[in-house]
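Step one of this worksheet: look at the structure below.
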Amino acid sequence: MIADLPVEHLPPGTPAGAGFGIKRTWLAVRNSTVEQVAAAIGLTGATPTGWDEGVRAASQGDQVFVSPPAGGWIFVVNAVRGFDGSSVAHLSARLGTEVQYFGNHRVADYAEWALAVDGQLVRHVYCSETTECCEETGPPTPVEIELGFVATEPGCMWPDQDDVMRVAAAWSIDPNALGVIESSPGPGLVGAVSNRSATVPPPPSQLRAPKLGATSQG
């Protein structure tokens, strides 16, 4: 349970989110609407869908779920932006709000997070032991300092999927906790995103060294 969550269970009948997070990529968008986010990412063939069905659909193939608002955030599960941070900043500029990106995969030892506000990239971290590469843009945030993580420091600690969740909890919401966070009663949207290959991180088996200021270990 995240630190600022007051209860572990909501009153019966209260609409809530659905947890996810491990081996996933997602966006967290502050104070927006489902329709605005769907339009900004280019969602096509959109179908109104609830949390459980949406999260399940987003675990299959190229389907993307834009969630109803929960705790002041809209989540895009199986996210279609990120990787080098520039697309997170672009989406933030387009929506005029804060946008965060997270990704993790234990088998590929892949961890990534990015934060942009009003179109400006504030922080981006990408690490993969598969590519023996770790990079960062912008100063570390308090939660990263607490974790003892600095990407470009020789001999630094490599982040794992748990670290991604800790950063998500500090910046917005740990998606594993969404099942006990009140959500808007309206549906989200499930659909596809055109030109997906140009805007998403490659599968973990195809992760490559990023373009920006990378450092290697090993």
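FYI, UniProt numbering numbers position 155 of the sequence shown as 155, with every residue one higher than the one before it.
Beta carbons: idealized from backbone N, C-alpha and C, even for Gly.
Hey, quick one: how far does the alpha helix (DSSP H) through residue i stretch, first residue to last?
i	result
G54	W51 to A57
L178	Segment: none, L178 is in no alpha helix (DSSP H) and carries neither H nor E.
E146	P142 to L147
A93	S86 to L95
Q161	Q161 to W171
Roughly how many angstroms lie between the CA atoms of residue i and residue j, to the nearest whole one?
i	j	result
S172	T141	13 Å
A38	E98	16 Å
Q36	L91	11 Å
V76	W26	5 Å
I22	S184	24 Å
P139	P12	43 Å
E182	G96	24 Å
G19	E132	30 Å
Whose C-beta lies closer than 6 Å to the C-beta of residue i among residues of the same chain, with five residues either side of it excluded?
i	result
P203	Its pLDDT being 36, under 50, P203 is placed unreliably in this model, and the value from its coordinates should be taken loosely. Result list for P203: empty, nothing under 6 Å.
G54	F65, G188 and V190
Q100	A28, L115, W171 and S172
H124	G85, A114 and T137
How would you label residue i, buried or exposed, when you count the other beta carbons within 10 angstroms and need 16 or more for buried?
i	result
P6	Residue placement at P6 is poorly supported in this model, since its pLDDT is 45, which falls under 50; the coordinates still yield a value, given next. With fewer than 16 other Cβ atoms within 10 Å, it is exposed.
residue 228	Any answer about residue 228 is impossible in this case: the structure gives the chain only from 1 up to 218.
T44	exposed
S194	exposed
Q161	buried
E146	exposed
S87	buried
D109	buried
So, at 7 Å on beta carbons, what are the nonlocal neighbours of residue i in its own chain, with the 5 sequence-adjacent residues on each side left out?
i	result
V164	F102, N104, A111 and W113
Give the range of the beta strand (DSSP E) segment to which residue i is assigned.
i	result
R30	T25 to R30
If I measure Cβ to Cβ from residue i and keep anything under 8 Å in the same chain, skipping five residues before and after, which residues do I get?
i	result
S57	In the sequence under discussion, the amino acid at residue 57 is Ala, which differs from the Ser named in the question. For A57, where only same-chain residues beyond five positions count, the Cβ hits under 8 Å are T49, Q63, F65 and V190.
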